[in-house]
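Asks:
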Amino acid sequence: MSSDKSIVILYSELAGYVLSCFEALGKTPGVNLLVVHWPIKTEAPFRLPTSSNFKLRGRSNMSREDIITIVDNAHPDLVIVSGWMDEDYLAVAKIYKSQIPVVLTIDNHWVGNLKQWFAVVTAPIFIKRLFNCAWVPGVPQTTYVKKLGFASNNIKNGFYSADTTLFNNIYRKREKTTRSKKKLLYIGRYLELKGIIELWDTFMKLSPEYPEWELHCVGAGELYEERASHPQIFHHDFLQPNELTPLIETATAFVMPSQIEPWGVVLHEMAAAGLPLIASDAVGATTMFLNPGENGWIYPSGNISALFNSFKELFNTSDSDLDQMGRKSHQLASRLTPEIWAETAQNFLLCNKLKN
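Sequential numbering of the sequence shown, starting at 104, is according to the working numbering.
(1) Which stretch, first to last residue, makes up the alpha helix (DSSP H) that contains Ala375?
(2) Looking at Ala237: is its Cβ nearer than 8 Å to the Cβ of Ile258?
(3) Would you be able to state if there are at least three C-beta pairs under 8 Å between the segment 443-451 and the segment 189-202?
(4) Tell me whether Ser437 sits in a helix, a strand or coil according to DSSP, three-state version.
(5) Can you tell which of Arg438, Val134 and Trp141 has the C-alpha that lies nearest to the C-alpha of Ser155?
(6) Hey, how far is the Cα of Ala376 from the Cα of Gly252?
(7) Thinking C-alpha only, which one of Trp141, Lys108 and Ile336 is nearest Glu116?
(8) Let's test the definition: count the other Cβ atoms within 10 Å of the Cβ of Lys279 and tell me whether it reaches 16, buried, or not, exposed.
(9) Would you kindly check if the distance between the Cβ of Val138 and the Cβ of Ile173 is under 8 Å?
(10) Am I right that Thr131 and Ala356 are in contact with their C-beta atoms under 8 Å? What's the rounded C-beta distance?
(11) Would you please state the rounded distance, in angstroms, between the beta carbons of Met373 and Arg438? I believe it to be under 8 Å.
(12) Whole-angstrom Cβ separation of Pro461 and Leu425, contact assumed at under 8 Å?
(13) Going by C-alpha to C-alpha distance, which of Ala331, Leu342 and Asn256 sits closest to Ala323?
(14) Rounded to whole angstroms, what is the Cα-Cα separation between Asn459 and Asn235?
(15) What are the partner residues of Tyr402, as DSSP defines its beta bridges?
(16) Where Ala127 and Leu217 are concerned, what is the direct C-alpha to C-alpha distance, given to the nearest angstrom?
(17) Return helix, strand or coil for Leu113, following the three-state DSSP convention.
(18) Go through its chain and collect everything with a Cβ distance to Ser123's Cβ below 6 Å, but skip five positions before and after it.
(19) Mapping the DSSP letters down to three states, classify Pro344 as helix, strand or coil.
(20) Please determine, among Leu393, Asn412 and Ala409, the residue with the shortest C-alpha to C-alpha distance to Ser432.
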């Protein structure tokens, strides 16, 4: 009888970074990995690579019975489920919860609104009936899953990781790159909730005082056709990871002004690449990868004057201090890697499903 462990992940919307985590888990000796996933987002149409280390199945044309059959044929020892929004995934969780560890993953911060309190009240008859354990990105989400009734020993952090190998390579290239221009980089969707309008407005107000700085924006979304027109603002649309590399190599700093951002893996990516960071306090990843005064600035989300002041401080920082901040970012980024992610996933095989 084989001692290999079968892990099934029922995932929502794939992103490029998570594939590096699947790859790290899939190539682990003794692990067989199957991932079922939702269709690719049209706003972030990255090319889906193939891998010999895990099986990837799109669920767009699958019925509930199809998904149950595919999972059953995998003979899982562990099932990991993205949230509780997919009723077909929940049907799988219900089948296996009493047999093996079934892990809930969520990235919501605890904010104490009516919807979250309803989830807390109904958790014993809904959520805990389906899941033994919980896997969250970090501290902002841990409070929530504890309120849902998960014991501390059945909760793990680190659910989102950047492809650190890719961005560590960019960091090494940046160390050898001479940057002749000051470039502030934004990577994200062109949506109001991403704070992109206040980003443009704030940059344009400061541009006359700091004409050497450029703002480079990468992404797609509903506001792209209404994008700011300014000689120092450059729009690059959506780029594949390999197309992004030259921009990151020549960037001076990175900004993430989101109004809502449960985690924000791109902050981890830019930290690994060695960029000083500016981010709003709505970005969950700041709790792990941004230490104010060491590698960047955190400002209250939606506070335009605070964003303005953060920009001024960045623009007035010397090159040597910016380099030091970049090195600190790179150091902090090593807290989480796809290999650590894969190890955490395997640790859930030991999740005590009888005491939760």
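Ideal Cβ placement from N, Cα and C applies to all residues, glycine included. Computed from a predicted structure; not experimentally measured.
Replies: Reading it off the structure:
(1) Counted as a single uninterrupted DSSP element, the alpha helix (DSSP H) harbouring Ala375 occupies residues Val368 to Ala375.
(2) The beta carbons of Ala237 and Ile258 sit closer together than 8 Å.
(3) With a cut-off of 8 Å, the segment 443-451 and the segment 189-202 do not count as touching, because too few Cβ pairs lie within range.
(4) The answer is coil: DSSP assigns Ser437 none of H, G, I, E or B.
(5) It is Val134 whose Cα lies nearest to the Cα of Ser155.
(6) Using only the alpha carbons, I get a separation of about 38 Å.
(7) Closest by alpha carbon: Trp141.
(8) Its Cβ having fewer than 16 others within 10 Å, Lys279 is exposed.
(9) No, they are not a contact pair.
(10) Contact check for Thr131 and Ala356: beta-carbon distance about 36 Å, past the 8 Å limit, so the pair fails to qualify.
(11) About 14 Å; that fails the 8 Å criterion.
(12) Missing from the structure shown is residue 461; the chain here goes from 104 to 459 and no further.
(13) Closest by alpha carbon: Leu342.
(14) Confidence at Asn459 is low in this model, with a pLDDT of 44, below 50, so the placement of that residue should be treated as unreliable; the coordinate-derived value is given next. Each residue's Cα considered, the two are about 6 Å apart.
(15) DSSP lists Ser383 as partners of Tyr402.
(16) Each residue's Cα considered, the two are about 38 Å apart.
(17) Assignment of Leu113 by DSSP, reduced to helix, strand and coil, places it in the strand class.
(18) Correct list, in chain order: Asp266 and Pro441.
(19) Three-state DSSP puts Pro344 in a helix.
(20) The shortest Cα separation from Ser432 among Leu393, Asn412 and Ala409 belongs to Leu393.
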